[in-house]
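Sequential numbering of the sequence shown, starting at 2, is according to the working numbering.
The beta-carbon is built from N, C-alpha and C at its ideal position, and this holds for glycine as well.
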Amino acid sequence: MPLLEIRTKQGQKRLELSGKAVSIGRAPENTLVLTDTRASREHCIIELVDERWSVRDLRSRNGTQLNDESIKRPERLANGDVILIGRAEIRFIDPEAAHAARKAPEEAPLDDLFPVDVGTIDVDLHEVAGAHDGRARWEKSLQEIIDNGADRGFSERDIDVLDTKGMVVHEARDADADDDESGESTRLFRRLLHAAMRARATDIHVEPRIDDASIRLRVDGTMVTGAHIPTRLLQRLLGIVKVLCQLETSQKNQVQDGHFALTAKGRRVDFRASLTPTLNGQKLVVRILDASNSPSRLHELGLVPWMYEKIRTIATRDAGLLLACGPTGSGKTTTLYSCLREIDVEQRNAITIEDPVEYYLDGATQIPVNADQGNSFHTILRSVLRQDPDVIFVGEIRDTETATVAMQASMTGHLVYSTVHAKDSIGAVFRLLDLGIEPPLLANALNLVVAQRLVRLLCTGCRKAVAPSPNQAMRMGEQMRGLKRIYVPVGCPRCLKTGYVGRRGLYELLEVTDPIRDVIMKGPTIGGIRTLARNGLFTTLEAFGFDLVAQGETPFEEIDRVAGTE
Numbered sequence: 002m003p004l005l006e007i008r009t010k011q012g013q014k015r016l017e018l019s020g021k022a023v024s025i026g027r028a029p030e031n032t033l034v035l036t037d038t039r040a041s042r043e044h045c046i047i048e049l050v051d052e053r054w055s056v057r058d059l060r061s062r063n064g065t066q067l068n069d070e071s072i073k074r075p076e077r078l079a080n081g082d083v084i085l086i087g088r089a090e091i092r093f094i095d096p097e098a099a100h101a102a103r104k105a106p107e108e109a110p111l112d113d114l115f116p117v118d119v120g121t122i123d124v125d126l127h128e129v130a131g132a133h134d135g136r137a138r139w140e141k142s143l144q145e146i147i148d149n150g151a152d153r154g155f156s157e158r159d160i161d162v163l164d165t166k167g168m169v170v171h172e173a174r175d176a177d178a179d180d181d182e183s184g185e186s187t188r189l190f191r192r193l194l195h196a197a198m199r200a201r202a203t204d205i206h207v208e209p210r211i212d213d214a215s216i217r218l219r220v221d222g223t224m225v226t227g228a229h230i231p232t233r234l235l236q237r238l239l240g241i242v243k244v245l246c247q248l249e250t251s252q253k254n255q256v257q258d259g260h261f262a263l264t265a266k267g268r269r270v271d272f273r274a275s276l277t278p279t280l281n282g283q284k285l286v287v288r289i290l291d292a293s294n295s296p297s298r299l300h301e302l303g304l305v306p307w308m309y310e311k312i313r314t315i316a317t318r319d320a321g322l323l324l325a326c327g328p329t330g331s332g333k334t335t336t337l338y339s340c341l342r343e344i345d346v347e348q349r350n351a352i353t354i355e356d357p358v359e360y361y362l363d364g365a366t367q368i369p370v371n372a373d374q375g376n377s378f379h380t381i382l383r384s385v386l387r388q389d390p391d392v393i394f395v396g397e398i399r400d401t402e403t404a405t406v407a408m409q410a411s412m413t414g415h416l417v418y419s420t421v422h423a424k425d426s427i428g429a430v431f432r433l434l435d436l437g438i439e440p441p442l443l444a445n446a447l448n449l450v451v452a453q454r455l456v457r458l459l460c461t462g463c464r465k466a467v468a469p470s471p472n473q474a475m476r477m478g479e480q481m482r483g484l485k486r487i488y489v490p491v492g493c494p495r496c497l498k499t500g501y502v503g504r505r506g507l508y509e510l511l512e513v514t515d516p517i518r519d520v521i522m523k524g525p526t527i528g529g530i531r532t533l534a535r536n537g538l539f540t541t542l543e544a545f546g547f548d549l550v551a552q553g554e555t556p557f558e559e560i561d562r563v564a565g566t567e
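Structure, rendered in structure tokens:
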């Protein structure tokens, strides 16, 4: 039975087509109701016409697109066709057609690695044209991302691709040099890497579907569709990655991990690849470890002046414990590495213990955790204490042993940085107590807790000014101060139609003063610690974020999403 795969900002769902027409629009009486303001109340309809499913636009305000082309009359749907309504993407899937295509005799791939006698092949010109159109579609999608992305100082022709041993496998070359069928998969791979870097993506997701494969990029923490490629190209792409990572190319039913790199004009970027078997084949996720996308020094984090001075003072002392807290992906490691770079590692022995090592720091000793070999955080930390360290960065406090050794080290003349998963700075104190840390040890060891989140920044090219609602004005309180407008996202090609370009941090600092130490030892409460913290300089994550809303850098909804307290 055919079905519709619907993707919107709210998520993804499927709708089976039972034979009845499917009306689509914002009106609640529609079969499929969209909340996208770009959709009309009665936008379009998908119906059976002469026993074939077709899509018909209902004179909508912004039109209906089928495979990136606006439709003026009813159009028949084929397996894999994509209907675009505003930001909503609706894919028509016909499993029977996909199954029939699989059972058809498989043609020799156009990008075969071996030379053939062209004169002996009977070529169907219509098939060749269709293959070219399909290739042009993914090329067009990736090229659009490249054209609208940020200039990285190099082009596709400057990229050398290195395998896991650092050997050049794909040399830098003119893009036109791959403009033949044998180089199609290589051209896709190189263009995908270039597009991801121009878009400032942190991850590339290549996901097999019933009839093709989807390429999505994680940009500013949000998944953005990059392109769709045929299954045959997916297999070639996976083969390229496996060769670069020196993985078993015939293995398809096990999790595989590896790494590779690229260099361009003297600059190196590392990639971590992970392949996982799924229902429709292997899924590939590539993490992009591009240090240029992240701040590298403390003054680049966007801290207010008093926060910067406080963190820098603690981060450059001879001893103490500086803790960063927040959920996964909130920038904790970036913040602590920025602190490490404030230290003269030529005169002080700095050692990092991480799982895995994410940034290279010249002059520091960096040790990866390997639990399979018995090298956990606390076993390595005990060993490191015999290496005469001055500064120790422990990637994460996960257990009582690691926390205890880290705190004891901070009290015996070592400067210790670490991270912990907690909602906010005060919550980090209770997280450590829950791990079983003795209150006197915690009170005496802890110096400063930095809680943080990452929020998306509005695209200045398409943001729109609106009047704040009464609820928003009440929530923002003092931050309003007569403010008559705030900004909301819209979407344009520059921001990949997301409305956002870039991210920055929200910060909350808790300095552990003597009164707070007394409370921790006697029996802490959240209210008690918060009252004492507000006697000094203390700003919550939400209040920090509302200042950014007032400055027009991010919308109210973004702060409410990542740091809301209600």
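Own chain, CB closer than 6 Å to residue i, minus 5 neighbours either side, in chain order
{"i": "Arg273", "result": "His260 and Arg288"}
{"i": "Ala200", "result": "Ile146, Gly150, Leu218 and Val220"}
{"i": "His127", "result": "Residue placement at His127 is flagged as unreliable, the pLDDT there being 36, under the threshold of 50; a coordinate-derived value is accordingly withheld."}
{"i": "Asp271", "result": "Ala262 and Leu290"}
{"i": "Thr420", "result": "Ala325, Lys333 and Glu397"}
{"i": "Arg15", "result": "Leu4 and Glu6"}
{"i": "Cys496", "result": "Cys460 and Val502"}
Bridge partner(s) assigned by DSSP for residue i
{"i": "Thr223", "result": "Val220"}
{"i": "Tyr508", "result": "Gln453"}
{"i": "Leu85", "result": "Gln66 and Glu90"}
{"i": "His171", "result": "Val162"}
{"i": "Ile25", "result": "Leu33 and Cys45"}
Nearest to residue i (by Cα), restricted to the options the options
{"i": "Asn536", "options": "Asp548, Glu512, Phe547 and Pro490", "result": "Glu512"}
{"i": "Asp389", "options": "Thr413, Ile398, Arg269 and Val451", "result": "Thr413"}
{"i": "Thr203", "options": "Thr223, Leu510 and Lys485", "result": "Thr223"}
{"i": "Gly528", "options": "Tyr488, Ser295 and Gly428", "result": "Gly428"}
{"i": "Ser297", "options": "Ala551, Leu341 and Leu323", "result": "Leu341"}
{"i": "Met522", "options": "Arg74, Asp69 and Glu439", "result": "Glu439"}
{"i": "Asp400", "options": "Ser426, Phe394, Leu433 and Leu386", "result": "Leu433"}
{"i": "Val169", "options": "Val244, Ile211 and Ser156", "result": "Val244"}
{"i": "Glu1", "options": "Lys166, Glu185, Leu276 and Val256", "result": "Since the first residue of the chain shown is 2 and the last is 567, residue 1 is not available in this structure."}
{"i": "Thr187", "options": "Gly437, Leu510 and Gln236", "result": "Gln236"}
{"i": "Val242", "options": "Ser19, Glu30 and Val162", "result": "Val162"}
{"i": "Leu238", "options": "Gly478, Asn254 and Asp213", "result": "Asp213"}
{"i": "Arg486", "options": "Ser251, Pro469 and Asn445", "result": "Pro469"}
{"i": "Leu59", "options": "Glu52, Ile72, Asn68 and Arg53", "result": "Ile72"}
{"i": "Pro490", "options": "Arg15, Gly20, Glu6 and Asp37", "result": "Asp37"}
{"i": "Lys465", "options": "Phe431, Leu443, Tyr488 and Gln252", "result": "Tyr488"}
{"i": "Gly185", "options": "Ala320, Gly546, Arg233 and Leu337", "result": "The amino acid occupying residue 185 in the given sequence is Glu; Gly does not appear at that position. Taking only the C-alpha atoms, the option nearest Glu185 is Arg233."}
{"i": "Thr9", "options": "Glu559, Lys498 and Gly565", "result": "Lys498"}
Residues near residue i in its chain [Cβ-Cβ closer than 8 Å; skip 5 each side]
{"i": "Val370", "result": "Ile354, Glu355, Asp356, Pro357, Asn376, Ser377, Phe378, Ile381 and Gly396"}
{"i": "Ala40", "result": "Ile25, Gly26, Arg27, Ser61, Asn63, Ile86, Gly87 and Ala89"}
{"i": "Thr461", "result": "Val502"}
{"i": "Leu436", "result": "Ile398, Asp400, Thr401 and Ala404"}
{"i": "Arg77", "result": "Val50, Arg53, Trp54 and Ser55"}
Sequence-distant residues of the same chain with beta carbon closer than 7 Å to residue i, five excluded per side
{"i": "Gly227", "result": "Ser142, Leu143, Ile146, Ala196, Ile216, Arg217 and Leu218"}
{"i": "Leu458", "result": "Tyr501, Val502, Gly503, Arg504, Arg505, Glu554 and Thr555"}
{"i": "Met308", "result": "Tyr508 and Leu510"}
For residue i, the three-state DSSP class (helix, strand or coil)
{"i": "His206", "result": "strand"}
{"i": "Asp515", "result": "helix"}
{"i": "Asn376", "result": "strand"}
{"i": "Pro278", "result": "strand"}
{"i": "Gln473", "result": "helix"}
{"i": "Leu447", "result": "strand"}
{"i": "Thr9", "result": "strand"}
{"i": "Arg138", "result": "helix"}
{"i": "Val462", "result": "For the sequence presented, residue 462 should be read as Gly rather than Val. Here Gly462 sits in coil by DSSP."}
{"i": "Lys523", "result": "helix"}
{"i": "Val256", "result": "coil"}
{"i": "Ser251", "result": "coil"}
{"i": "Lys243", "result": "helix"}
{"i": "Arg57", "result": "strand"}
{"i": "Cys45", "result": "strand"}
{"i": "Gly483", "result": "coil"}
Complete runs of the alpha helix (DSSP H) confined to the stretch 293-371 [at least 4 residues]
306-316 and 333-341
Complete runs of the beta strand (DSSP E) confined to the stretch 368-440 [at least 3 residues]
392-395 and 416-421
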